[in-house]
Amino acid sequence: MKIALIGAGAVGGYFIWGMENSPKPDRQFTVIAEGDRKKRLAEKGIKVNGTVYHPHVATPEEAGAQDVIIFSVKGGATVTAAKMLPPLIGEKTVVLSMLNGADSEEIIADTIGSEHVLHSIIMIASRRFDDEIVFDTSYNTTVKYGAADIPDAQEKLAMVEDAVSGTGLHFVKSDDIMLDIWTKYAKNISNNLPQAVLGVPAALYTRSEHGLFLAKKLWAEVRVLARIRGVELPEEVGIYECADSSRYSTLQDLDAGRTTEIESLCGYLLKMASENDIPVPYIEYTYHAIKALEEKNAGVFEC
Numbered sequence: 000m001k002i003a004l005i006g007a008g009a010v011g012g013y014f015i016w017g018m019e020n021s022p023k024p025d026r027q028f029t030v031i032a033e034g035d036r037k038k039r040l041a042e043k044g045i046k047v048n049g050t051v052y053h054p055h056v057a058t059p060e061e062a063g064a065q066d067v068i069i070f071s072v073k074g075g076a077t078v079t080a081a082k083m084l085p086p087l088i089g090e091k092t093v094v095l096s097m098l099n100g101a102d103s104e105e106i107i108a109d110t111i112g113s114e115h116v117l118h119s120i121i122m123i124a125s126r127r128f129d130d131e132i133v134f135d136t137s138y139n140t141t142v143k144y145g146a147a148d149i150p151d152a153q154e155k156l157a158m159v160e161d162a163v164s165g166t167g168l169h170f171v172k173s174d175d176i177m178l179d180i181w182t183k184y185a186k187n188i189s190n191n192l193p194q195a196v197l198g199v200p201a202a203l204y205t206r207s208e209h210g211l212f213l214a215k216k217l218w219a220e221v222r223v224l225a226r227i228r229g230v231e232l233p234e235e236v237g238i239y240e241c242a243d244s245s246r247y248s249t250l251q252d253l254d255a256g257r258t259t260e261i262e263s264l265c266g267y268l269l270k271m272a273s274e275n276d277i278p279v280p281y282i283e284y285t286y287h288a289i290k291a292l293e294e295k296n297a298g299v300f301e302c
């Protein structure tokens with residue numbers, strides 16, 4: 000079985016760790032990369048939780064058709080990275096997207112056809128420190144995956160199960176993958192973003208009535224938009240169970256001076272809201288606040 004990973008970042012490192020620690024004669028694992036990134040990965044490998052791994056690295060053309068592809072890039076790179084997929088697609092290839100949000104599968108399907116796309120989410124506490132990827136082994140990292148109206152769904156789900164069998168990777172078949180995706184999406188909007196705006200950790204939701212108020216308002220707006228896609232989220236806001244000191248991905252990006260995923264996180268929701276004439280003032284404010292913080296990091300306000 001041929002398995003490929005596109006995106007060897009903070010989330011992709013989890014799959015490298017799982018595959019490289021559990022080699023099997025009938026399983027070929029490849030990290031897909033091009034140009035300088037391919038050269039760097041091939042020469043230096045990638046450090047995950049203190050161990051440097053040297054996975055097989057190849058361009059899409061060199062790797063050829065795969066059985067299962069794990070798509071794990073940053074949200075802003077989705078369209079560009081999706082262009083790498085066509086040489087990797089065979090008749091029965093399955094693609095799993097690990098991106099936040101609810102539209103990456105749509106973008107991928109536009110490139111290779113919806114018949115190749117399963118739906119999935121990953122729950123993981125991971126981060127990048129300099130040249131090392133660290134994920135919390137005490138946190139219950141889980142990939143949930145399922146099929147949303149595609150042909151040969153059971154066969155494709157079985158391919159994923161076979162691909163990860165015998166690894167330390169925790170994959171669970173979902174009974175309602177669209178509910179799982181939108182639940183994670185709503186949690187990302189309501190948990191991830193307020194702490195990024197305020198520059199504080201997850202204690203914002205356990206120690207502050209004001210932080211929890213913001214989370215509730217964002218959750219309620221996403222809940223209205225989820226109904227347009229046929230998903231009914233619970234009324235009560237979902238708060239991640241984690242240490243009060245946790246700093247989620249958007250705050251990590253701002254801390255490091257990186258561009259955030261705010262476009263992919265909020266852009267899809269703002270587009271839905273506009274098309275359906277639904278007011279989402281808290282999502283709009285949060286989007287513009289984080290864009291302004293990106294400008295701050297870029298030196299726009301140094302007068």
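Under numbering that gives the first Met the number 0, residues 0 to 302 are what the sequence shown spells out, in order.
Every residue, glycine too, gets a C-beta built ideally from N, C-alpha and C.
With 16 other Cβ atoms within 10 Å as the buried cut-off, status of residue i
i	result
A311	A question about residue 311 goes unanswered here, because the residues of the chain that appear run from 0 up to 302.
G89	exposed
C302	exposed
S273	exposed
F300	exposed
E42	exposed
K1	buried
V171	exposed
G210	buried
P59	buried
D129	exposed
G229	exposed
T141	exposed
A195	buried
A291	exposed
K183	buried
D66	buried
I31	buried
E294	exposed
D252	buried
K38	exposed
G112	exposed
A36	The sequence shown places Arg at residue 36, rather than the Ala named in the question. By the 10 Å Cβ count, R36 comes out exposed.
R26	buried
Delimiting residues of the beta strand (DSSP E) encompassing residue i
i	result
R127	S125 to F128
V133	E131 to F134
Y144	T141 to G145
M122	V116 to M122
T205	Looking at the DSSP string, T205 is not in any beta strand (DSSP E); the run it does join, the alpha helix (DSSP H), is A202 to T205.
K73	Premise fails: K73 is in no beta strand (DSSP E) and is neither H nor E.
V171	F170 to K172
V236	Neither: V236 is in no beta strand (DSSP E) and is coded neither H nor E.
I301	Looking at the sequence shown, residue 301 is not Ile but Glu. Careful: E301 lies outside any beta strand (DSSP E) and carries neither H nor E.
Where the alpha helix (DSSP H) containing residue i begins and where it ends
i	result
S248	S248 to D254
I5	Taken as a continuous stretch (DSSP letters only), I5 belongs to no alpha helix (DSSP H), being part of the beta strand (DSSP E) at K1 to I5.
I289	P280 to N296
D179	I176 to K186
A81	T77 to A81
H53	From DSSP, H53 is part of no alpha helix (DSSP H); its letter is neither H nor E.
F212	E208 to I227
I388	Shown here, the chain extends from 0 to 302; a query on residue 388 therefore has no answer.
I261	I261 to E274
E160	A152 to V163
E61	P59 to A62
L192	L192 to L197
Expected contact under 8 angstroms - CB spacing of residue i and residue j to nearest Å
i	j	result
M97	S119	7 angstroms
L4	S71	6 angstroms
L192	I106	In fact, because the Cβ distance is near 21 angstroms, the residues do not count as touching under 8 angstroms.
L117	A146	6 angstroms
E314	I149	In the structure as shown, the chain begins at 0 and stops at 302. Residue 314 is therefore absent and cannot be evaluated.
N99	L232	Wrong, their Cβ atoms sit about 16 angstroms apart, outside the cutoff.
T29	A62	5 angstroms
F134	I121	Contact flag wrong, Cβ pair sits at about 10 angstroms.
N260	L269	Looking at the sequence shown, residue 260 is not Asn but Glu. E260 to L269, Cβ: 14 angstroms. No contact.
M158	V93	5 angstroms
W181	A101	6 angstroms
K23	G165	6 angstroms
Below-8 angstroms beta-carbon distance, residue i vs any chain B residue
i	result
R26	No chain B is present in this structure, which holds just one protein chain.
- Do the region 196 to 209 and the region 165 to 182 touch if we need at least three Cβ pairs shorter than 8 angstroms? no
- Message: Would you call the region 180 to 194 in contact with the region 209 to 217, where contact means no fewer than 3 C-beta pairs closer than 8 angstroms?
- Response: Taking a cut-off of 8 angstroms on C-beta distances, the region 180 to 194 touches the region 209 to 217, as three or more cross pairs fall below it.
- Query: What alpha helix (DSSP H) runs, 4 residues minimum, are completely inside the region 6 to 43?
  - Reply: 11 to 19 and 34 to 43
- Query: Can you find at least 3 beta carbon pairs, one from the region 237 to 244 and one from the region 272 to 279, that sit closer than 8 angstroms?
  - Reply: Cβ pair count under 8 angstroms is below three, so no.
- Query: Taking contact to mean at least 3 C-beta pairs separated by less than 8 angstroms, is the region 43 to 53 in contact with the region 12 to 22?
  - Reply: The region 43 to 53 vs the region 12 to 22: in contact.
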